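Take a look at the structure set out below.
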C-alpha cells in the first residue's frame, strides 16, 4: 500500500518535461489535457517568462479522453515533440478522439506508426501513471494544481503572483 | 456527538440505504476494511472532484481488500444520478431518513444539515481504525491520507 502514501513533491528531474529559460520562476503544473481550467491556465502562462514543468494528472471519470491525450503527448515526446503536442491538445479540447490525435501527429510530422505504437505502450502508460501517483502522494486533489514559490495552488492560480515584487 | 468518531471506538448500530433501497448496517462492515467517505451534497463541485479522484485509486484499494463507499444525506435516487453523471463506480449510501442519523452517530453531522467532509476507516472487526474531518467542507482530503492511514498498523 506504500505506492500512494504521502511523499514530498518530486524534485524536477531529467525525466520531466520542462520549458522556459533557466533561472526563471519555476512552475510545476499537474494537469489534464481534457480539463478546461488546465487549458485556460496554460494559455495564461504562455508568454510569461517562466520555467514550466508539466506533469500528468488525468482523471478518467470526469475526462474520459484524458488518459489517451496524456499518452499521445508522451508518444510525441518520444519523438522530441512533447510541448508541441501539449499545445495542440490544449488548443482544441473538443477533438481528442483517436483520429484527432493522428491528425495532430501528422501535423507535427511525427512518424505515425511509431506514434501509434508508443502511445499504446506499457512504457508510456507507466510514465503517465508515475506522474499521477507522485501527484496523489504530494496531495494533489484537483486540476490544475500548481506548485510555485513553495506554495500549492489547487484549482486557482494567478500568474501575477509570480511577477509581483515585494 | 459533536466530534468525529475516534479510532478504537466500535462503530455504533446504524442503518443506511444502498442505491437499490436495501439496508446497509454495521454488520456489512464486518470481515473487511471499509472506507466511508462522508460528503456534503451530491452534485456540489468539490464532492465531484473528490469522488473522481478516489475512483482513480479504487484498484489499489481493492487490491488490498478495502471497500470504499460514498455517504451523504441525499436521497438514493439523487446519489445514483450523481454517481452516473460522474461516471464513477463508488457505491453510494444514503442517510436520508431519519435524515443524518448515521452522520450524527459518527459525529460528522454539520449543524447546517449535511455531512461534514470526513473519512472514516473501519476495520474488519467494525472498530474505527482512523478518522479525519476536513478543516472545512470545501477542503478535499487527498487520497494519500487514506493510504497513509491504511499503512498504519491497526491498534
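Chains as they are written, first to last, in our numbering: chain A, 556 to 721; chain B, 2 to 156.
Backbone N, C-alpha and C define an ideal beta-carbon position, used for all residues, glycine too.
Here the structure is a predicted model, which is why all the values come from computation and not from measurement.
Asked                                                                                                                               : Found
Same chain, Cβ closer than 8 Å to residue 46 of chain B, five either side skipped, listed in chain order                            : none
Opening and closing residue of the beta strand (DSSP E) in which residue 584 of chain A lies                                        : 581 to 586
Short CB-CB distance (under 7 Å) between residue 89 of chain B and chain A                                                          : yes
Beta-carbon proximity of residue 641 of chain A to residue 628 of chain A, cut-off 7 Å                                              : yes
Within chain B, partners of residue 696 of chain A - CB distance below 8 Å                                                          : 50, 51, 54, 141, 142, 143, 144
Validate contact between the stretch 52 to 70 of chain B and the stretch 103 to 111 of chain B using beta carbons, cut 8 Å, 3 pairs : no
Under the three-state DSSP convention, the category residue 18 of chain B falls into                                                : strand
Selection from B:115, B:59, B:30, B:38 that minimises the alpha carbon distance to residue 14 of chain B                            : B:30
Residue-level contact to chain B via CB, residue 614 of chain A, 7 Å cutoff                                                         : yes
Cβ pair count under 8 Å reaching 3, the stretch 598 to 617 of chain A against the stretch 655 to 667 of chain A                     : no
C-beta atoms of residue 699 of chain A and residue 592 of chain A nearer than 7 Å                                                   : yes
Environment of residue 135 of chain B [buried if 16+ CB atoms lie within 10 Å]                                                      : buried
Contact check, residue 623 of chain A vs residue 670 of chain A, beta carbons under 7 Å                                             : no
is_contact[residue 149 of chain B, chain A] using C-beta, thresh 7 Å                                                                : yes
Option nearest residue 128 of chain B by Cα separation, candidates B:22, B:4, B:27                                                  : B:27
Chain B contact residues for residue 582 of chain A, given Cβ-Cβ distances below 7 Å                                                : Ordered by position in chain B, no residue passes the 7 Å Cβ test against residue 582 of chain A, which lies about 20 Å from the chain.
Backbone CA spacing between residue 138 of chain B and residue 109 of chain B [nearest angstrom]                                    : 11 Å
N-terminal and C-terminal residue of the beta strand (DSSP E) that residue 706 of chain A is part of                                : 706 to 709
Reference residue 585 of chain A; option with closest CA among A:717, A:620, A:690, A:712                                           : A:690
Of the listed residues A:602, A:709, A:577, nearest to residue 694 of chain A (C-alpha basis)                                       : A:709
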